[in-house]
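See below for the structure under consideration.
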Amino acid sequence: MPLLINGERIDLAQPPGDMIRTHPHLEEKARVLRSQPAQTVGPKGLLYIQQREFAVTTPKDGSVSILGSEDATTCHLVVLRHTGSGATCLTHCDGSDTQAEVSLIMSAVKSFSNTTECGRLEVHLVGGFNDDRQLSQKLTNQLLRAFDLQQDDVHLVTFCVTELNDREEKDNHFPIVYGIAVNVKTAEIFHATFPDKGPDEDLRSAYMLTGANMTNIYDAKTEQLHIGPYFWRPFPHVDFWLEQDDKQILQNLSTSPLAEPPHFVSHIRATLIFLKEHPFPARSLFPDRKPRRYKKTGEGLWERECSDTL
32 MPLLINGERI DLAQPPGDMI RTHPHLEEKA RVLRSQPAQT VGPKGLLYIQ
82 QREFAVTTPK DGSVSILGSE DATTCHLVVL RHTGSGATCL THCDGSDTQA
132 EVSLIMSAVK SFSNTTECGR LEVHLVGGFN DDRQLSQKLT NQLLRAFDLQ
182 QDDVHLVTFC VTELNDREEK DNHFPIVYGI AVNVKTAEIF HATFPDKGPD
232 EDLRSAYMLT GANMTNIYDA KTEQLHIGPY FWRPFPHVDF WLEQDDKQIL
282 QNLSTSPLAE PPHFVSHIRA TLIFLKEHPF PARSLFPDRK PRRYKKTGEG
332 LWERECSDTL
């Protein structure tokens, strides 16, 4: 029940570079993905996944046709799909608890695929680069081992991670692909960027910054996005961090300061401001202990369900 390439079990004792040389089609597929210009994906039909979130749906979904995520530097973006049912999961992993997270997304995809006799589980890994602290390499290895430990066969189809997603400029290393989208209906995976990362972008980022576990944010059966209920303690030294200049925030709150996208600091500031405004989310955000639910409108945009406010 291992991780397979072309039907053969991967030898995890060998470095990923050797694995690629043994299976050159993976390197070619990574090259094709790297060479794509990033497509701008609008909010219509999109479900955006933030760090430590995942969502799974099927081609039958009438609301969501695209799963997407970006801003991955040392993080990895993982697409897991069952070719029979078309059940597709996208998650944004940062190495916080990789083995548990892989088990979680495996269960989620299989829950939509139990009645399907034909088909197989395929995984696509994208993200990371040759960072100084080798966090990307560590996460790549964690993901390979976690999938290799699953009871079901999993077929590695895309491997555009770490050294295969790296570019060098003036002795500094950067990722090439920061974000991807997967078309749930066609199974196409492509290089993408997302102007709209909502809804509740600051709330979801605040939960992650306070130490969240991997969270499923979507119910494909009801076609509802559900956020929370989330709870955290007042963020330590939030005023101190808000007083710091951009350089200090970048150096201290990023795993890879030189490689972050331009909006990283403004995003972190917005999240810190949100945490300052909501030190006790049980009171201000989730007084009824119920999630904030959203459904797509006829125009394909998220709209909060009115029943949440009753």
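So the sequence shown is numbered by the numbering used here: it starts at 32 and just counts up by one.
Think of the CB as a built atom: it goes at the ideal place given N, C-alpha and C, for glycine as much as any other residue.
Taking C-beta atoms as the reference points, V192 and T171 count as a pair closer than 8 Å. With contacts defined as CB atoms closer than 8 Å, G158 and N196 qualify as a contacting pair. Closest option to R335, judged by alpha-carbon separation, among L35, G73 and G229: G229. Fewer than three Cβ pairs drawn from the region 113–126 and the region 48–68 lie within less than 8 Å of each other, which leaves the two stretches out of contact. In the DSSP assignment, W333 is bridged to K327. Using a C-beta cut-off of 8 Å, the region 34–54 makes contact with the region 168–185, since at least three inter-stretch Cβ pairs fall below that distance. Annotated three-state conformation of T253 is coil, per DSSP. Counting along the chain, E200 sits inside the beta strand (DSSP E) bounded by residues D197 to E200. According to the DSSP assignment, H113 belongs to the beta strand (DSSP E) that extends over H107 to H113.
Beta-carbon to beta-carbon, F311 and Y261 are separated by about 12 Å, too far to satisfy the 8 Å threshold. Just so you know, the alpha carbons of I304 and L273 end up roughly 8 Å apart.
Collapsing the DSSP output to three states places P206 in a strand. DSSP places E274 in the helix class (H, G or I) of the three-state scheme.
In the DSSP assignment, A212 forms a beta bridge with G99 and F221.
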